[in-house]
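Working notes, structure below.
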Amino acid sequence: MRTVELVISDERLSMVEPSLVQCIEVLEQCPEICLPDGALEVAFVDETTCSQLHESFFDDPEVTDVMTFPGSPEDDHAGDIAICPAVAMEASQHSGMSFHEELSLYLVHACLHLTGLDDREEDDVKEMRAAEESVMRQLRKAKALLNAEWSG
């Protein structure tokens with residue numbers, strides 16, 4: 138069984154940890170997802186932290202939705218994921234998806250990156266979006282979307 142560490146550094150978010158574990162368990166059953174071995178850390182960060190991470194690692198100070206940091210399976214570390222719930226809340230008001238769906242989509246996107254998918258080129262973006270849609274259908278069917286509340 139995979140170790141999943143939940144870190145919430147944005148005080149406006151409350152999440153039930155078992156929902157993250159359940160979501161990851163369902164993701165790992167999806168044929169589109171093949172996570173590296175090892176522990177996985179999922180951090181929900183505020184806009185300031187998101188901006189700092191984005192600038193430090195991607196040379197871009199803009200706030201973004203999700204960042205993926207591959208780990209080292211040799212060191213029993215699959216990777217780290219940083220999600221900005223404030224971006225998810227704002228996006229959910231325009232995307233037609235619920236806050237839970239938007240957060241879950243960001244987690245799916247990051248896990249697809251850890252699987253090896255990329256989204257820099259147009260063909261890669263199409264493949265990523267198709268995989269996201271398929272995995273999100275499976276999460277909805279399993280009733281395994283992230284269970285979180287936003288008080289921002």
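Position 104, counted from 1, in the sequence shown is what this note's numbering calls 241; the numbers after and before it change by one each time, with no gaps.
Even for Gly, the Cβ is constructed at its ideal location relative to N, Cα and C.
Check                                                                               : Outcome
Cys302 versus Val158, Thr186 and Ser235, residue with shortest Cα-Cα distance       : Given a span of 138 to 289 for the chain in the structure shown, any question on residue 302 remains unanswerable.
Residue from His237, Met226 and Val272 whose Cα sits closest to the Cα of Leu282    : His237
Reference Ile161, options Glu192, Glu286, Lys263 and Leu242, closest by Cα          : Leu242
Sheet register partners of Thr205 (DSSP bridge)                                     : Ile218
First and last residue of the uninterrupted beta strand (DSSP E) at Gln234          : Correcting the residue type first, residue 234 is Met in the shown sequence and not Gln. Segment: none, Met234 is in no beta strand (DSSP E) and carries neither H nor E.
Anticipated Cβ contact below 8 Å, Leu164 with Val245, distance rounded              : 7 Å
For Ser151, the three-state DSSP class (helix, strand or coil)                      : strand
Contact between the segment 265-272 and the segment 226-237 (3+ Cβ pairs under 8 Å) : no
Three-state secondary structure (DSSP) of Ile170                                    : coil
Thr140 to Ala219 span [Cα, whole Å]                                                 : 17 Å
Three-way DSSP call (helix, strand, coil) for Leu254 in this model                  : coil
Residues near Glu239 in its chain [Cβ-Cβ closer than 6 Å; skip 5 each side]         : Ala225, Ala228 and Ser229
Test item: CB-CB of Leu276 and Thr205 under 8 Å                                     : no
Val182 in three-state terms, based on DSSP                                          : coil
Simplified DSSP state of Val200, which is helix, strand or coil                     : coil
Identified DSSP bridge partners for Glu269                                          : In the DSSP output, where bridge partners are listed per residue, Glu269 has none listed.
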